[in-house]
Amino acid sequence: MTTATTELPASRFALARQVADAVLFEGYVLYPYRASAAKNRMRWQFGVLVPPAWGPDHGEPSCQRTELVMEPRGRADVAVELRFLHPCRRTVEEVRADGTFADVPALHLPDRVLVPWDEGTEERVEMTVPVAELEAGEVCLPFTRPAREETEPVPGADGRTVGRLVRRTERVDGVVRLHADPLDLPYRALKLTAVVENTGDWTPPPEGAGREAALARSLVASHLLLGLSAGSFLSMTDPPEWARAVVGGCTNRHTWPVLAGEDGRADVVLSSPIILEDHPRIAPESAGAMYDATEIDEILALRTAALTDEEKREARGTDVRAAAVVDLADTMPPEILERLHGAVRALREITEPGAAQPVQDGPELPGGEALFRPDTPWWDPEHTDPAAPHGDRVLVGGTPVGPGSRVVLRPGLRRTDAQDLFLQGRTALVEAVLRDVDGGVHLAVTVDGDPGADIRRAQGRFLYFQPDELAPLEDA
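Below, the structure is given as C-alpha cells:
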C-alpha cells in the first residue's frame, strides 16, 4: 500500500470549490433557519456515509464509488481532495446559583436564543498520486478525525458568564482508495476508480441506537475534487463517440462526477452526491449562501427579511451560518435584491461587452422562413412567432415525424434529469413540433398510458424532447 499527501495548488480547485461549497452545505440549515422548525429536525440528507455496522439495517450507505474515464499525458499526477462535514453536537448549559452548569432547552439573550443544535465542521483529506502508481495497483489513504469536547462561555448583557456551549464530536474513520485500469480504446485512456469509505468500528448498543447516534460518527455531504496535472477527463454526460460505450459502463454509486473548473477545460472533476451538469456555476447575482435547495435567493431573502424579531433571535442562536443569512437579508440593499429578479442567462453572450455584433439577417428555418429579422421583434404579435407550433415534420432516423406520430422515448445522455430514468423506452404520441428562437427543434409529446394525458393536452403542458432523444415506432 502506498500513500501520498501534498498541499494542492491554490488555483487548481478554486473555481470548482465554489460549487463544492454549495454541495457541502446544501440543506445544512433550511428556511426559516430555526432549530425548532420541523424541516430542521431531520438533518443531513446528502452524501451521508454512515458506520458500516449501522448502515445495512437502515438503508444508508457507508461508501461512495466514483468511476470515470481520463486521458492522462506523460507523467501526469492525479490530485484528490475529499471534503465532508464532521457533525458536532452542541448543547446549551446555564449557570446555576451555586456556580455549576446545567443543561437547558434554551438560553435567552438580548440578541439571540441559544438552543441545542448539530453543527458541521468542514474536513479535508488531500493527496496527489502519479498515474503510473495507480496503474500499478490500488493506492489507499486512511484518515481519522478524533473525538473531542470543547466549551465556549456565553456572556450576558453585563459581561458576566450566564451559561456555556458544550460541543462534543465523536471519532470518525475513513479511507480513500484509488486505482486506474487501462482501457482498450483507440486512444490512451484509463478508467479511474475512487472509493470513499467510512471504516469506523462503532457498533450500535444491544438496545439499539437512533440515526442521531450514527450521524455523529458519519461523513456528511461527502464529495471529491479530482484534478489531472496533464491531460483531461471525459464528460460522463457527453463523451466522444469512441468512448461512449466505456463511459456508459462506469458505475457511480451515491455520487455523480461532472467536469468542473474553467469553461473549455476538462482537467478537474467534482464528484457530487447531488446531480449536476458539467461546469456548474454559482449564480453571479447571489449575494451569499442561503443553504436551502441550491437555491432561490430572491424568495429566501424576502421571506427571511419578513421573519418576526423573535424568529430572527432564534435563528441567530441556532447557528452562525443562520445568523449570517438573517443579517444578509436585513442589510441587503434594494439594488442587490433587484439584481436577483429576472436574470436571463441566454442573453448574456450577446449583451456582455466585447460580444459579437448581431448578424443583419437572422438564421433561416427549413423552407426559407426567417427566424427573426432586426426590424421585426420576435415578440411582435402581428408577425409569426418562431416559437409557435409548426405543422411540418422533422426527420428522425430518416423517418418523417410530426403531430400524430408515435415514438419511443430514449432520453439522451446530455440530460441530467433523474426523471428520465422512468421514461426510458416508454412509447408516446407526438403532439407538436416546435422551434425555439435559436432554431432548436423540440417535439412535444404525451406518454402512452398517462392518465393525465387529456389534461396535459387541454392545458398545453407536454414533455419535450429533441429529435435524437426519440425513435419512430416501426409499426406506426
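First residue of the sequence shown? That's 923 in my numbering, and the numbers climb one at a time after it.
By construction, the Cβ of each residue, glycine as well, lies at the ideal position given by its N, Cα and C atoms.
Is residue j closer than 9 Å to residue i when the C-beta atoms are compared?
{"i": "L971", "j": "C985", "result": "yes"}
{"i": "R1139", "j": "P994", "result": "no"}
{"i": "R1041", "j": "R1093", "result": "It is Glu, not Arg, that sits at residue 1041 in the sequence shown. It is not a contact, given that the beta carbons lie outside the stated cut-off."}
{"i": "L1114", "j": "L1147", "result": "no"}
{"i": "G1085", "j": "P1075", "result": "yes"}
{"i": "A1244", "j": "V951", "result": "yes"}
{"i": "R1238", "j": "D1033", "result": "yes"}
{"i": "V1329", "j": "L1259", "result": "no"}
{"i": "R1357", "j": "L1331", "result": "no"}
{"i": "L1262", "j": "E1232", "result": "no"}
{"i": "R956", "j": "E1236", "result": "yes"}
{"i": "Q940", "j": "R1203", "result": "yes"}
{"i": "V1051", "j": "L1105", "result": "no"}
{"i": "H1101", "j": "L1029", "result": "no"}
{"i": "P983", "j": "H1145", "result": "no"}
{"i": "R1012", "j": "P1038", "result": "yes"}
{"i": "V1061", "j": "R1099", "result": "yes"}
{"i": "L1192", "j": "V945", "result": "yes"}
{"i": "S1157", "j": "D1200", "result": "yes"}
{"i": "P1256", "j": "V1323", "result": "no"}
{"i": "A1209", "j": "F947", "result": "no"}
{"i": "F935", "j": "G1122", "result": "no"}
{"i": "A1227", "j": "M1254", "result": "yes"}
With distance defined between alpha-carbon atoms, name the residue in the options nearest to residue i.
{"i": "M1049", "options": "K1113, V1014, L1063, A1152", "result": "L1063"}
{"i": "A1354", "options": "D1314, D1020, A1188, G1153", "result": "D1314"}
{"i": "A1143", "options": "D1185, A1028, G949", "result": "G949"}
{"i": "R1187", "options": "P1255, L1105, F1155", "result": "F1155"}
{"i": "W976", "options": "G1081, P1128, D1020, G1374", "result": "P1128"}
{"i": "D1214", "options": "R934, D943, R939, F935", "result": "D943"}
{"i": "S1151", "options": "V1190, G1183, E1134", "result": "V1190"}
{"i": "E1247", "options": "P1256, R1357, A1223, V1002", "result": "Per the sequence shown, the amino acid found at residue 1247 is Val instead of Glu. With distances taken between Cα atoms, V1247 lies closest to A1223."}
{"i": "F1006", "options": "P1126, G1096, I1197, A936", "result": "G1096"}
{"i": "D1376", "options": "L1351, Q1388, F1387, G1130", "result": "L1351"}
{"i": "P1027", "options": "E1044, E1015, G1021", "result": "E1015"}
{"i": "R997", "options": "G1153, T1321, G1361", "result": "G1153"}
{"i": "L1107", "options": "P1394, W1124, W1164, A1116", "result": "W1164"}
{"i": "G1361", "options": "V1316, V1035, A1211", "result": "V1316"}
{"i": "R1082", "options": "E1119, G1021, T1321", "result": "G1021"}
{"i": "G1132", "options": "R1378, V1017, D979", "result": "D979"}
{"i": "E1072", "options": "A1019, G1078, C1010", "result": "C1010"}
{"i": "S1194", "options": "P1179, T1066, A1205, V1242", "result": "P1179"}
If you follow the alpha helix (DSSP H) that residue i is part of, which residue opens it and which one closes it?
{"i": "Q1381", "result": "1375–1381"}
{"i": "F1344", "result": "1342–1345"}
{"i": "E948", "result": "First-last for E948: undefined, no H or E at that position."}
{"i": "A1245", "result": "1242–1253"}
{"i": "R1225", "result": "1219–1227"}
{"i": "P1256", "result": "1256–1261"}
{"i": "L1148", "result": "Not the alpha helix (DSSP H): L1148 falls in the beta strand (DSSP E), residues 1142–1150."}
{"i": "E1134", "result": "1133–1137"}
{"i": "G1153", "result": "Where G1153 is concerned, there is no enclosing alpha helix (DSSP H), although the beta strand (DSSP E) it sits in stretches over 1153–1155."}
{"i": "V1169", "result": "1166–1170"}
Say the cut is 8 Å; is the CB of residue i nearer than that to a heavy atom of the ligand COA?
{"i": "A1135", "result": "This structure lacks the ligand COA; in fact it carries no ligand of any kind."}
Terminal residues of the continuous beta strand (DSSP E) containing residue i?
{"i": "V1000", "result": "999–1017"}
{"i": "R1357", "result": "1349–1357"}
{"i": "E1391", "result": "That residue, E1391, is in no beta strand (DSSP E); it is neither H nor E in DSSP."}
{"i": "V1367", "result": "1363–1369"}
{"i": "V1329", "result": "1328–1331"}
{"i": "F1023", "result": "1023–1025"}
{"i": "V991", "result": "985–994"}
{"i": "S1193", "result": "1190–1194"}
{"i": "W1178", "result": "1178–1181"}
{"i": "V1318", "result": "1316–1318"}
{"i": "V1323", "result": "1321–1323"}
Please go through the region 1078–1120 and give each complete beta strand (DSSP E) segment of 3 or more residues, from N-terminal end onward. Correct list: 1083–1091, 1094–1104, 1112–1120.
Three-pair Cβ contact test at 8 Å for the region 973–990 versus the region 1163–1178: When C-beta atoms of the region 973–990 are compared with those of the region 1163–1178, three or more pairs fall below 8 Å, so the two segments count as touching.
Residue ranges of each alpha helix (DSSP H) within the region 1040–1064, 4 or longer: Taking only runs of at least 4 residues, the alpha helix (DSSP H) segments lying wholly in the region 1040–1064 are 1053–1058.
Three Cβ pairs or more, each shorter than 8 Å: is that satisfied between the region 1364–1371 and the region 1381–1391? Cβ pair count under 8 Å is three or more, so yes.
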